[in-house]
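The opening residue of the sequence shown carries number 5 in the working numbering; numbering runs sequentially from there.
Scroll down for the structure; my scribbles are underneath it.
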Amino acid sequence: MKKNINPWAWVPTLYFAEGIPYVLVNTVSVIMFKKMGMSNGDIAMFTGLLYLPWVIKPLWSPFVDIVRTKRWWTVAMQLLMTAAMLLGAFTLPRLAPETIASGHAPVSPFIFTLVIFWVTAFASATHDIAADGYYMLALDQGQQSFFVGIRSTFYRLATIFGQGALVFIAGLMETSSGNIPFAWTMTLIICAVIFGAMALYHTFILPRPVSDCPHLSPDQRSGRAAEILREFGRTFSTFFTKKQIWLGIAFMLLYRLPEAFLVKMLNPFLLDPAEAGGLGLSTENVGLVYGTVGVAALTLGGILGGMAAAKWGLKKVLWPMALSLALPCSVFLYLGMAQPENIWLISACVALDQFGYGFGFTAYMLYLIMFSEGEFKTAHYSLCTAFMAMSMMIPGMFAGYLQEWLGYVNFFWMVMICCFATVAVTAFVKVDPEFGKK
């Protein structure tokens with residue numbers, strides 16, 4: 005390893021780079037397709053499917069270190085995502101203004117763009133595997149502990165950059181040019197240039213840990229792959245023989261059900277005009293309200309949630325966190341019924357919902373860690389995160405069609421009914437009274 009490379013030179017940028025494609029694929033894409041005239045149902049279905057790589061990434065994560073080093077995978081995926089962002093920018097369809105204004109643009113012109121986003125999603129999921137593994141190889145245990153907060157902070161900053169700054173820039177260009185496809189083309193180009201600069205930087209700056217060296221012969225690779233397959237089969241079978249496995253899976257899938265439906269329709273609701281039941285915010289205001297204020301509140305909620313859990317343990321904070329996650333969804337029922345125009349009031353409501361979600365999500369993550377305890381802790385945690393991604397993907401795919409059928413107000417009533425699912429799984433789940441205490 006190059007001893008003279010300080011971790012401060014690459015840890016912040018590595019996790020900033022990890023956050024950008026995730027937020028681009030799963031959040032910014034929703035706003036872009038909405039502004040390009042796609043219907044809410046199609047937006048939710050096709051952007052929901054983009055979650056799939058994070059659901060199934062445990063299937064290929066053991067093989068990432070067989071063929072190449074984790075450093076190679078990290079840099080290669082960053083370069084691939086840069087190329088995909090540029091290709092996506094230059095192939096974005098140039099729809100007629102009247103087609104965009106209809107709000108029911110056909111999906112067919114967006115097929116190639118969706119394929120590009122699929123490539124980006126798979127590359128991003130692979131990058132997550134490689135970058136997290138690389139972090140553990142390139143730093144000793146003391147450095148890993150020191151930088152865990154730093155990496156989380158810069159991942160959140162990437163979220164603010166994507167949902168906030170990029171969306172704000174797109175909104176400004178929409179207003180100044182009057183050309184929505186051009187505005188989003190330029191926004192994707194800006195994102196690609198910034199991300200490409202980081203990829204180039206990492207090509208030269210990332211250290212080369214001695215332990216990051218899976219240089220195996222073809223026969224060794226074949227044998228290692230067979231060994232991994234056998235081990236994966238064993239970890240998979242032992243996961244499904246865990247005590248209270250079906251209750252655990254139910255908790256993983258249903259605890260976040262209200263938010264899973266809500267999150268896909270949040271940005272379309274903010275953007276849709278009042279006559280369609282929305283709030284009629286401009287693109288740049290959505291970038292400020294949800295992408296900046298909302299993310300800041302989400303981060304603060306997560307920090308306070310971690311502090312509370314460390315002090316009182318998961319069992320004592322589980323109910324407050326479950327209610328904190330579920331009940332603030334009611335602010336969107338209020339917004340849907342009142343349709344206020346005051347940007348400060350809207351921002352306060354979004355902040356309350358996101359703060360509650362951030363606080364309540366802490367209990368969910370701690371439960372995944374607790375449920376993964378045992379002989380195959382790392383592999384079982386990976387399977388838990390697959391169910392975590394699935395819990396957002398499946399409801400999100402159908403949220404748009406449900407909203408179009410019910411209208412925004414009735415959709416938000418349905419979200420509130422889903423809070424009973426959060427309450428039910430919280431009531432039945434078993435938690436170690438001492439788990440989570442510092």
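Using N, Cα and C, we set each Cβ at its ideal position, and we do this for glycine too.
Note that this is a predicted model, so its numbers are computed, not measured.
Span separating the alpha-carbon of residue i from that of residue j
| i | j | result |
| --- | --- | --- |
| Phe4 | Arg238 | Look at the range of the chain in this structure, 5 to 442, and you will see that residue 4 is not part of it. |
| Ala125 | Val59 | 11 Å |
| Ala129 | Thr31 | 15 Å |
| Ile347 | Asp276 | 15 Å |
| Leu410 | Met177 | 33 Å |
| Gly427 | Leu329 | Gly is not the amino acid found at residue 427; the sequence shown has Val there. Approximately 10 Å between the Cα atoms of the pair. |
| Val119 | Trp64 | 20 Å |
| Pro211 | Leu387 | 30 Å |
| Arg75 | Trp188 | 32 Å |
| Val15 | Ile307 | 20 Å |
| Thr86 | Ile194 | 11 Å |
| Leu90 | Pro11 | 29 Å |
| Asp46 | Leu406 | 11 Å |
| Ala431 | Gly52 | 29 Å |
| Gly309 | Gly364 | 7 Å |
| Tyr139 | Glu102 | 49 Å |
| Ser149 | Thr95 | 43 Å |
| His219 | Phe416 | With a pLDDT of only 49 at His219, under 50, the local geometry of the prediction cannot be trusted, and the value read off the model is given with reservation. Going from the Cα of His219 to the Cα of Phe416 covers about 54 Å. |
| Ile9 | Phe50 | 42 Å |
| Ser241 | Asp136 | 25 Å |
| Leu233 | Lys246 | 20 Å |
| Glu279 | Ser156 | 40 Å |
| Leu285 | Ile253 | 38 Å |
| Ala196 | Pro57 | 21 Å |
| Glu377 | Met311 | 22 Å |
| Asp357 | Leu251 | 27 Å |
| Glu438 | Lys315 | 11 Å |
| Glu231 | Trp77 | 21 Å |
| Phe151 | Thr73 | 22 Å |
| Asp436 | Ser180 | 57 Å |
Cβ-Cβ distance between residue i and residue j below 8 Å
| i | j | result |
| --- | --- | --- |
| Val429 | Ser351 | no |
| Val123 | Ala93 | no |
| Phe172 | Glu345 | no |
| Met374 | Leu339 | no |
| Met190 | Phe114 | no |
| Ala48 | Phe359 | no |
| Phe391 | Met269 | no |
| Phe165 | Ile24 | yes |
| Tyr55 | Gly404 | no |
| Val71 | Gly281 | no |
| Gly295 | Gly182 | no |
| Leu297 | Val354 | Here residue 297 turns out to be Val, not Leu, going by the sequence shown. A contact, by the Cβ cut-off of 8 Å. |
| Leu84 | Ala134 | no |
| Leu18 | His206 | yes |
| Ile154 | Ile104 | no |
| Asp216 | Leu302 | no |
| Ile249 | Ala13 | no |
| Val290 | Leu274 | yes |
| Val29 | Phe121 | yes |
Closest by C-alpha distance to residue i, when choosing among the options
| i | options | result |
| --- | --- | --- |
| Met81 | Val27, Gly41, Ser181, Ala21 | Ala21 |
| Leu304 | Gly362, Ala278, Lys319 | Gly362 |
| Phe424 | Glu438, Thr389, Leu331 | Leu331 |
| Lys434 | Met418, Val413, Leu387, Leu372 | Leu372 |
| Phe186 | Pro97, Phe67, Met140, Glu231 | Pro97 |
| Val111 | Phe37, Ala300, Gly291, Tyr138 | Phe37 |
| Phe67 | Leu53, Leu28, His131 | His131 |
| Thr389 | Pro62, Lys39, Val27 | Pro62 |
| Lys39 | Ala313, Leu266, Ala174 | Ala174 |
| Ala313 | Ala367, Phe265, Tyr26, Ile154 | Ala367 |
| Val267 | Ser376, Val34, Cys217 | Val34 |
| Val419 | Ala105, Ser241, Thr207, Cys333 | Cys333 |
| Ile421 | Leu356, Phe265, Asn44 | Phe265 |
| Leu283 | Ala300, Leu251, Ile184, Met341 | Met341 |
| Ser445 | Val152, Asn44, Pro437, Phe151 | Absent from the model: residue 445. The displayed extent of the chain is 5 to 442, so no value can be given. |
| Pro272 | Glu408, Ala100, Phe439 | Glu408 |
| Val27 | Ser180, Leu170, Gln343 | Leu170 |
Pick out the complete alpha helix (DSSP H) segments inside the region 321 to 363, 4 residues or longer, and give them in chain order. Listed in chain order, they are 334 to 342.
Segment contact, 8 Å Cβ cut-off, at least three pairs: the region 393 to 405 with the region 257 to 272: With the cut-off at 8 Å, the region 393 to 405 and the region 257 to 272 touch.
List in chain order: all unbroken alpha helix (DSSP H) runs of 4+ residues lying wholly within the region 400 to 433. Fully contained in the region 400 to 433 are the following alpha helix (DSSP H) runs of length 4 or more, in chain order: 412 to 432.
Can you confirm whether the region 316 to 326 touches the region 377 to 384 when touching is taken to mean that 3 or more C-beta pairs between the two stretches lie within less than 8 Å? Contact fails: fewer than three Cβ-Cβ distances are below 8 Å.
Is the region 197 to 211 in contact with the region 99 to 111, if contact means three or more CB pairs nearer than 8 Å? In this structure the region 197 to 211 does not lie against the region 99 to 111, because fewer than three pairs of beta carbons, one per stretch, are closer than 8 Å.
Taking 8 Å as the threshold, find out whether the region 138 to 145 comes into contact with the region 156 to 164 through three or more Cβ pairs. Output reads no: the region 156 to 164 does not touch the region 138 to 145.
Hey, which unbroken runs of the alpha helix (DSSP H) at 4 residues or more fall wholly within the region 156 to 187? List check, alpha helix (DSSP H) in window: 171 to 181.
Ignoring anything shorter than 3 residues or poking outside the region 6 to 80, list the beta strand (DSSP E) runs there in chain order. Here no run is fully enclosed.
Quick check on the DSSP output: what are the complete alpha helix (DSSP H) runs of length 4 or more inside the region 239 to 265, in order along the chain? Complete alpha helix (DSSP H) runs here, min 4: 249 to 258.
Enumerate, from N- to C-terminal direction, the unbroken alpha helix (DSSP H) stretches of 4 or more residues contained entirely within the region 95 to 156. The region 95 to 156 contains these whole alpha helix (DSSP H) runs: 101 to 106, 115 to 142.
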